[in-house]
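Undergrad: Line by line, the protein sequences give chains A and B. Counting in our numbering, the first sequence runs without a single skipped number right up to 69 at its last residue. Counting in our numbering, the second sequence runs without a single skipped number right up to 138 at its last residue.
2 protein chains.
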Amino acid sequence: MTEAIYTVNGMSCGHCVSSVTEEVRKLDGVIKVEVDLPASRVVVTSDAPLSTEQISSAVTEAGYQLVTS
Amino acid sequence: MTEAIYTVNGMSCGHCVSSVTEEVRKLDGVIKVEVDLPASRVVVTSDAPLSTEQISSAVTEAGYQLVTS
Numbered sequence: 001m002t003e004a005i006y007t008v009n010g011m012s013c014g015h016c017v018s019s020v021t022e023e024v025r026k027l028d029g030v031i032k033v034e035v036d037l038p039a040s041r042v043v044v045t046s047d048a049p050l051s052t053e054q055i056s057s058a059v060t061e062a063g064y065q066l067v068t069s
Numbered sequence: 070m071t072e073a074i075y076t077v078n079g080m081s082c083g084h085c086v087s088s089v090t091e092e093v094r095k096l097d098g099v100i101k102v103e104v105d106l107p108a109s110r111v112v113v114t115s116d117a118p119l120s121t122e123q124i125s126s127a128v129t130e131a132g133y134q135l136v137t138s
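Structure follows, in structure tokens:
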């Protein structure tokens, strides 16, 4: 089991949190998705590590932007 | 036909706009609902004037707050 923390831009309300959570949750092996709205942070727990591309796609699908640095 | 402009607090994204539009649209006689997100404004076109209480209920139902002054 692995946990990773991402920063997502553009989330401004509970609806945004739901959209991102829903899309990331669909990824293979994801066990838990927690969003900290004020911090723009998404914590993803999964069976195995996920690629940044997978997370980025899911976040984009929800209409937001993954911050990669 | 009548048009009225309201200020609604707490709308921060397109999802919020959808929620408010949906609830206000349900009111009897409403023809059109337009939301100006940056201005926090909701313009309601209806057959006959609506009471502030009706609009306020719909906005509250959507999870936001009508500003009355």
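Think of the CB as a built atom: it goes at the ideal place given N, C-alpha and C, for glycine as much as any other residue. Since this is a predicted model, take the numbers as computed values, not measurements.
Does the distance between the C-beta of A:A48 and the nearest non-hydrogen atom of the ligand FAD fall short of 6 Å?
TA: This structure lacks the ligand FAD; in fact it carries no ligand of any kind.
Undergrad: Using three-state DSSP, classify A:S57 as helix, strand or coil.
TA: In the structure shown, A:S57 sits in a helix (DSSP, three-state: H, G or I).
Undergrad: Can you pull out the residues from the stretch 12 to 45 of chain A whose beta carbon lies closer than 9 Å to at least one beta carbon of chain B?
TA: Going along the stretch 12 to 45 of chain A in chain order, one finds S12, C13, G14, H15, C16, S18 and S19 with a Cβ nearer than 9 Å to chain B.
Undergrad: Do three or more CB pairs link the stretch 82 to 101 of chain B to the stretch 40 to 57 of chain A at distances below 8 Å?
TA: They do not touch, by the three-pair rule.
Undergrad: Within a Cβ cutoff of 6 Å, which residues of the same chain sit near B:A117, ignoring the five residues on either side of it in sequence?
TA: G98, listed in sequence order.
Undergrad: What separation, rounded to the nearest whole angstrom, lies between the Cα atoms of B:L119 and B:T90?
TA: Answer to the nearest angstrom: the Cα atoms are 15 Å apart.
Undergrad: Give me, in chain order, the residues of the same chain whose beta-carbon lies closer than 6 Å to that of B:Q123; leave out the 5 immediate sequence neighbours on both sides.
TA: If we look at B:Q123 and ignore the five residues flanking it on each side, its Cβ neighbours are L96.
Undergrad: Within the stretch 76 to 107 of chain B, note down every full beta strand (DSSP E) run reaching 3 residues or more, in order along the chain.
TA: For the stretch 76 to 107 of chain B, whole beta strand (DSSP E) runs of length 3 or above, ordered along the chain, are 99 to 105.
Undergrad: Give me the Cα-Cα distance between A:E61 and B:A73, rounded to the nearest whole angstrom.
TA: Roughly 36 Å between the two C-alpha positions.
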